[in-house]
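Data first, discussion second: the structure below is written as structure tokens.
In our numbering, the protein residues as written are 575 to 853.
Set out below in structure tokens:
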């Protein structure tokens, strides 16, 4: 009976995350994983827990990485403060300090080395799309033919339901266009509903791992997204437009309310930057 009630609460918490908090699918899954762990490993009633109960539970995980501990605390904060309305149970618990690690962004020469390492036209096209669009991993692999305007080299991904992760408009450069043509052969008579890259994420990940084993250079979709953002900034693109290409919520009042994010303006900004990977 208790397990059934716990499952009902967890299911209701899931709906709360989706509807009330407007969180994305992957974020919801992470919170559900943490709350299930909490329910399964608590030696007290989680619904009627005291602050001391939560403190004793957190004590078990002091040896965890700062990121894992912070994720757990984020879930408990949302569960008690926002879902149950019992902020007194969770307030006062501090998040651990994350040690600062400077990001290692590969050089353009290293990206070119990776491009030469790739053999299949499909892999080359995926790589250049990551490096020149700013798309997230999931966004790129979910792209359908209908999401791409081949004439304008413009991409309009399906909308993300997250409050913080948006999908706006981005573009790809002439190098990615050439690679895409080498993979597809032609842009005519394509099934609009088929995926642009009909492979799993593992397909690209295996090639990244093989390259790292050979050269020691780490390449991932996230690193390519970060390279794109850094390179566009180096080319003089304002942060608010880089955020738009990357699908991030505008951070400033200026960006939110006084910036032209029309497709025409975004294309003008993108083309003017002259982004290149292979030259």
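For every residue, glycine included, the Cβ atom is placed at its ideal position computed from N, Cα and C. Model, not experiment: these values are computed from the prediction.
Quick one, which of 725, 666 and 712 has its alpha-carbon nearest residue 731's? 712
Check residue 794 in the structure and name its three-state DSSP category. coil
Per-residue DSSP class, three states only, for residue 768: coil
Let me know the secondary structure DSSP gives residue 841 once reduced to three states. helix
7 angstroms Cβ shell around residue 768 - same chain, five flanking residues per side excluded: 718 and 719
Counting only runs of 4+ residues fully inside the stretch 794-823, write out the alpha helix (DSSP H) ranges in chain order. 795-808 and 813-819
Thinking C-alpha only, which one of 628, 697 and 748 is nearest residue 845? 748
Just the Cα atoms here: how many angstroms apart are residue 578 and residue 585? 11 angstroms
Using CA atoms only, rank isn't needed, just tell me which of 606, 671, 617 and 679 is closest to residue 646. 606
CA nearest to the CA of residue 864, picked from 620, 661, 754 and 798: Since the first residue shown for the chain is 575 and the last is 853, residue 864 is missing from the structure and cannot be characterised.
Suppose contacts are defined by Cβ-Cβ distances below 9 angstroms. Is residue 818 in contact with residue 742 by that definition? yes
Per-residue burial, residue 663 [other beta carbons within 10 Å of its own, 16 or more giving buried]: buried
Would the stretch 780-794 and the stretch 650-662 be scored as touching if the rule is three or more Cβ pairs under 8 angstroms? no
For residue 835, collect the residues of the same chain with a Cβ closer than 6 angstroms to its Cβ; drop the 5 residues on either side in sequence, then sort them by chain order. 818
Three or more beta-carbon pairs under 8 angstroms between the stretch 685-702 and the stretch 755-774, yes or no? yes
Would you check if the distance between the CB atom of residue 653 and the CB atom of residue 612 is smaller than 9 angstroms? yes
Option nearest residue 628 by Cα separation, candidates 760, 616 and 761: 616
Might you give, ordered along the chain, the residues of its own chain that have their beta carbon closer than 7 angstroms to the beta carbon of residue 785, omitting 5 neighbours on each side? 688, 691, 791 and 793
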